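Residue numbers (my numbering): 374 to 826.
Spelled out as structure tokens, the structure:
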């Protein structure tokens, strides 16, 4: 396998182009109105069940955060070579990178993360995340939902829960994803139905963003669309009697009106007009698709979007791990993530925006025969910033050999529950699946108070 092929696909054969297909096949192929009408059918079939709150009364009653930007490192990043270096371990574990000091006394990062080292005092580094699912798609589902995958039920991603539970301004999509996560289910709405799927955006070269559905074709005006709505409504009257199972008429009208609101409202369109940003800001993020997606994510949060996912693939480093990290992957993460955190902080947005950087699992502490690291879910690190999380804090430790957490272990469910709590969402609230089964948002996790500032 050549280097380019390795960078564009992971070991389970999922190709980078599949991210684009997964994001566009079901959503971008529809007009905005048609998409929202389809979503209405699903949404009307799933009532939002009321619930008795089970939030710890000692935790803050007021939400600390309003939005989330998830920076997803697809493929399983070697966090032992990033946020949790092992300088005293044998060279078969330690690897090639030396540790460097950060702005937090006693906290070290790998040498190829100098910018993140400078902003460490604005982050929480969790070094004791652990689970048992060392497979790409299932690991992604666990880390992005907070629930262990179940073959009989697809859980909704955190972004989909946010889309359902958090208020969003009129004319703004609640959940936006730059490239779909691995597989057709990860990152989606699961049992909530397509009403809460992400609004997908494709990021191209040179910082170009491809967005369908937030603008009309040049030959069609909003007035003409209103006329088409009237015509379609006349047809709908004849077909509503044929709908089976649920009454969707009100939902169809509501979501068609929402489609018109989005087309009339230029908030979303302005968020994607990156050329209006000062050149210095665009350059700080970089002109890569990853960098410009992160800049657009910040602008979307300003417009009122509640959850944005930005993805960087290529972390499935079974061979030549250190070459891939130091020449391609770590410089991008260092530049983009540090710039995003600083930019949000300067604008007064970091206190109300959670930045969550993670992948589906970590990689083996022991280096393999091809200078790579293999799948390893028993120990990994993630970085969280903003949204009321403790600043300048490192939570948990791993064993000397990096194989497993030594202190303060945290599961993906615990972290998801804590993120939801900061958003003012009870992680144990019961929703209903499409067959009426009650289901807690996070089934097994508990809020970790030490993470909260």
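No residue lacks a Cβ here, since even glycine has one placed at the ideal position from N, Cα and C. Source: prediction; values computed, not measured.
* Could you spell out the range, first to last residue, of the alpha helix (DSSP H) harbouring residue 509? => 509-518
* Evaluate residue 769 with the Cβ neighbour count: other Cβ atoms within 10 Å of its Cβ, from every protein chain shown; 16 or more gives buried, anything less gives exposed. => Result: buried.
* For residue 489, name the three-state secondary structure that DSSP assigns. => helix
* Using the C-alpha atoms, what's the distance from residue 714 back to residue 821? -> The C-alpha of residue 714 is placed about 22 Å away from the C-alpha of residue 821.
* Does DSSP put residue 461 in a helix, a strand or coil? -> coil
* Asked: CA-CA distance, residue 551 and residue 682?
  -> Taking the straight line from one Cα to the other gives about 6 Å.
* Go through its chain and collect everything with a Cβ distance to residue 486's Cβ below 7 Å, but skip five positions before and after it. => Excluding positions up to five away in sequence, the list reads 455, 703 and 707.
* Just tell me which of 436, 385 and 661 has its CA closest to the CA of residue 825. => 436
* Coarse secondary structure for residue 811, derived from DSSP in three states -> strand
* Asked: Any idea which residues DSSP pairs residue 583 with across the strands?
  -> 575
* Give the straight-line distance between the Cα atoms of residue 473 and residue 490, rounded to the nearest whole angstrom. => 8 Å
* Of the residues 817, 735, 755 and 784, the one placed nearest residue 507, counting alpha carbons only -> 735
* Please look up how many angstroms separate the CB atoms of residue 537 and residue 569, rounded, as I've assumed it's under 8 Å. => 5 Å
* Length at least 4, wholly inside the region 705-747: the alpha helix (DSSP H) runs in chain order -> Listed in chain order, there is nothing to give.
* Bridge partner(s) assigned by DSSP for residue 440 -> 726
* Are three or more beta carbon pairs between the region 792-805 and the region 469-484 nearer than 8 Å? -> Touching, no, given that fewer than three Cβ pairs across the two stretches are closer than 8 Å.
* Asked: Quick one: is residue 811 buried, meaning 16 or more other Cβ sit within 10 Å of its Cβ, or exposed?
  -> exposed
* To do: For residue 820, name the three-state secondary structure that DSSP assigns.
  => coil
* Any contact of the region 460-469 with the region 771-780, i.e. 3+ C-beta pairs under 8 Å? -> yes
* Asked: Are residue 823 and residue 814 touching if we call contact CB-CB under 7 Å?
  -> Contact: no.
* Since residue 497 and residue 758 are thought to touch, with beta carbons under 8 Å apart, how far apart are those beta carbons, to the nearest angstrom? -> 7 Å
* Asked: Under a three-way DSSP split, which group does residue 474 fall into?
  -> strand
* Could you say if the region 679-694 and the region 441-454 meet the contact criterion of at least three C-beta pairs nearer than 8 Å? => yes
* Member of 574, 522, 523 and 526 whose CA lies at the smallest distance from the CA of residue 546 -> 574
* To do: State the Cα-Cα distance for the pair residue 658 and residue 712, rounded to the nearest angstrom.
  => 6 Å
* Asked: Closest by CA to residue 442, which one among 582, 675, 504 and 743?
  -> Check the Cα spacing between residue 442 and each of 582, 675, 504 and 743: the tightest is with 675.
* N- and C-terminal bounds of the alpha helix (DSSP H) containing residue 641 -> Residues 640-644.
* Cβ-based neighbour list, residue 470, same chain, cut-off 6 Å, excluding 5 preceding and 5 following -> 454, 483 and 484
* To do: Go ahead and pull the three-state DSSP assignment for residue 784.
  => coil
* May I have the straight-line CA-CA distance separating residue 654 from residue 645, to the nearest angstrom? => 14 Å
* Asked: Do residue 576 and residue 662 come within 7 Å of each other at the CB atom, strictly closer than that value?
  -> yes
* **Beta-carbon contacts of residue 539 that lie in its chain and below 7 Å, excluding the five residues immediately before and after** => 547, 679 and 796
* Contacts around residue 763, its chain only, beta-carbon distance under 7 Å, and the 5 residues preceding and following it disregarded -> 497, 824, 825 and 826
* Asked: Out of 438, 501 and 786, which has the shortest C-alpha to C-alpha gap to residue 760?
  -> Per the C-alpha coordinates, the member of 438, 501 and 786 positioned closest to residue 760 is 438.
* **Cβ shell of residue 385 (< 6 Å), same chain only, five flanking positions each side left out** => 509
* To do: Compute the beta-carbon to beta-carbon distance between residue 673 and residue 549, rounded to the nearest angstrom, for a pair I have assumed lies under 8 Å.
  => Residue 673 to residue 549, Cβ: 6 Å. Contact.
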